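For the sequence shown, the UniProt record's numbering begins at 1 and goes up steadily by one.
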Amino acid sequence: MGARPESGSRTRVELPRMPAVGALHRQALRGALPGLGGGRRGPDLPAVELTVSGVRVDRAQLADYDRVCGFRLTDRLPATFPHVMGFPLALRLMTAPDFPLPLIGLVHVGNRITTHRPITADDTLDFTTYAEDLRPHDRGRQVDVVLVGSVDGEEVWRGVSTYLGRERKPGGREPGERPAAPTATARWRVEPRIGTEYARVSGDHNPIHTSRLGARLFGFRRPIAHGMWSKARCLAALEARLPDAYTVEVAFKLPVPLPSTVSFALLPDGGFALHDSRGRPHLTGLVR
């Protein structure tokens with residue numbers, strides 16, 4: 001691993017390979033336990049960006065991912081798949097001791113992906129990740145984790161994941177009036193296996209998605225679907241409508257409990273939404 005100063009405010013750290021996700025999850029769990037590294041964290045973001053070069057597409061993983069998320073089986077990568085490829089690098093950043101928000105308990109509240117051109121299984125990608133815009137929120141603090149994918153020095157993909165670190169604060173938000181749910185375009189049954197299957201193809205083994213006990217420890221009655229699975233499933237439903245280059249942004253609202261039935265709605269001007277059987281929103285999105 002090498003580090004060199006950059007012209008900007010961050011130092012680039014080059015890793016020889018993608019980190020091992022399992023070890024990072026164990027590190028995060030240890031850090032959440034008193035006396036094992038879970039002390040008070042600093043107020044600022046680490047002035048560092050991590051990079052790994054020469055990441056090749058695992059075709060078997062891609063095919064499995066397509067199946068789990070509902071995409072057609074092709075050599076063209078869904079816009080959400082580079083997020084999976086680069087996830088271990090982002091996880092390494094968020095599990096560092098100087099990252100201001102502990103990974104355990106972070107809530108993924110939004111994700112924006114821009115794909116500049118089609119990416120295929122023949123492409124070899126270089127990934128870079130960094131964090132920016134640590135800001136207050138009425139339920140704690142939010143941060144953006146940026147992941148950039150490049151081919152031969154050209155940026156071809158960019159993902160920005162917004163995470164909320166919940167903290168106790170006086171007062172709270174006043175509940176707003178919820179708009180009526182849009183007319184459903186399709187209804188999907190989300191089975192319990194989606195939690196474990198998406199964990200397997202994505203490397204995100206957070207127990208709130210795969211274990212009833214793990215979910216209960218974090219306040220959920222049963223496991224919940226990964227937010228990025230919900231986004232991918234919506235994009236799979238839109239697959240035939242998507243251009244070669246676009247930006248798709250989603251806000252994650254209420255989690256999708258496993259099992260459940262959800263309603264997908266295609267909205268005017270590139271919008272889409274996912275609601276539960278009572279009309280409450282799980283996800284709202286926009287393609288532009």
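Virtual Cβ for every residue (Gly too), placed ideally from N, Cα, C. Predicted, not measured: the structure shown is a model, and the values here were computed from it.
Original post:
For Leu286, which of helix, strand or coil comes out of DSSP?
Top reply: strand
Original post:
Along the chain, where does the beta strand (DSSP E) that runs through Leu217 open and close?
Top reply: No beta strand (DSSP E) holds Leu217; the alpha helix (DSSP H) holding it covers 212–217.
**OP:** Return helix, strand or coil for Glu249, following the three-state DSSP convention.
**Re:** strand
**OP:** Might you give, ordered along the chain, the residues of its own chain that have their beta carbon closer than 7 Å to the beta carbon of residue 354, omitting 5 neighbours on each side?
**Re:** The chain is shown from 1 up to 288; residue 354 falls before or after that span and cannot be answered.
**OP:** Would you mind stating whether Arg139 and Gly165 have Cβ atoms separated by less than 7 Å?
**Re:** no
Original post:
The alpha helix (DSSP H) spanning Asp108 covers which residue range?
Top reply: Position check: residue 108 holds His in this sequence, whereas Asp was assumed. Not the alpha helix (DSSP H): His108 falls in the beta strand (DSSP E), residues 107–115.
Subject >> First through last residue of the alpha helix (DSSP H) which encompasses Pro88 >> reply: 81–94
Original post:
Beta carbon of Ile113, beta carbon of Val256: below 7 Å?
Top reply: no
Original post:
CB-CB under 7 Å to Trp229, same chain, minus the five flanking residues each way: which ones, in chain order?
Top reply: Cys69, Ile194, Tyr198
**OP:** Taking the CB atoms as reference points, tell me whether Thr185 and Leu62 lie closer together than 7 Å.
**Re:** no
Subject >> 8 Å contact criterion, which Thr80 and Lys253 should meet: CB distance rounded >> reply: 18 Å between Cβ atoms; not a contact.
Original post:
How should Thr261 be labelled, buried or exposed, when 16 other C-beta atoms within 10 angstroms of its C-beta is the threshold for buried?
Top reply: exposed
**OP:** Would you tell me roughly how many angstroms separate the C-alpha atoms of Thr124 and Glu155, rounded to the nearest one?
**Re:** 12 Å
**OP:** State the start and end residues of the unbroken beta strand (DSSP E) segment that holds Ala265.
**Re:** 260–266
Original post:
To the nearest angstrom, how far is it from the Cα of Ser9 to the Cα of Asp133?
Top reply: 13 Å
Original post:
From Leu73 to Ala60, what distance separates their C-alpha atoms?
Top reply: 11 Å
Subject >> Val57 (DSSP reduced to helix, strand or coil) >> reply: coil
Original post:
If we call anything under 7 Å between Cβ atoms a contact, is His116 one with Ala245?
Top reply: yes
Original post:
Are Ala225 and Phe71 closer than 7 Å when you measure CB to CB?
Top reply: no
**OP:** Could you tell me which residues DSSP puts in a beta bridge with Leu134?
**Re:** The partner list for Leu134 (beta bridge, DSSP) is empty, contrary to what the question assumes.
Subject >> Gly270, enclosing beta strand (DSSP E) - first and last residue >> reply: Looking at the DSSP string, Gly270 is not in any beta strand (DSSP E), and its letter there is neither H nor E.
Subject >> Chain-order list of residues whose beta-carbon lies under 7 Å from that of Ala47 (same chain, five-residue window excluded) >> reply: Ser9, Arg10, Thr11
Original post:
Should Thr128 be labelled buried (16 or more other beta-carbon atoms within 10 Å of its own) or exposed?
Top reply: buried
Original post:
Looking only at C-alpha atoms, which of Val190, Met85, Glu49 sits nearest to Ala20?
Top reply: Met85
Original post:
From Asp58, Asn111, Leu24, pick the residue whose C-alpha is nearest to that of Val143; which is it?
Top reply: Asn111
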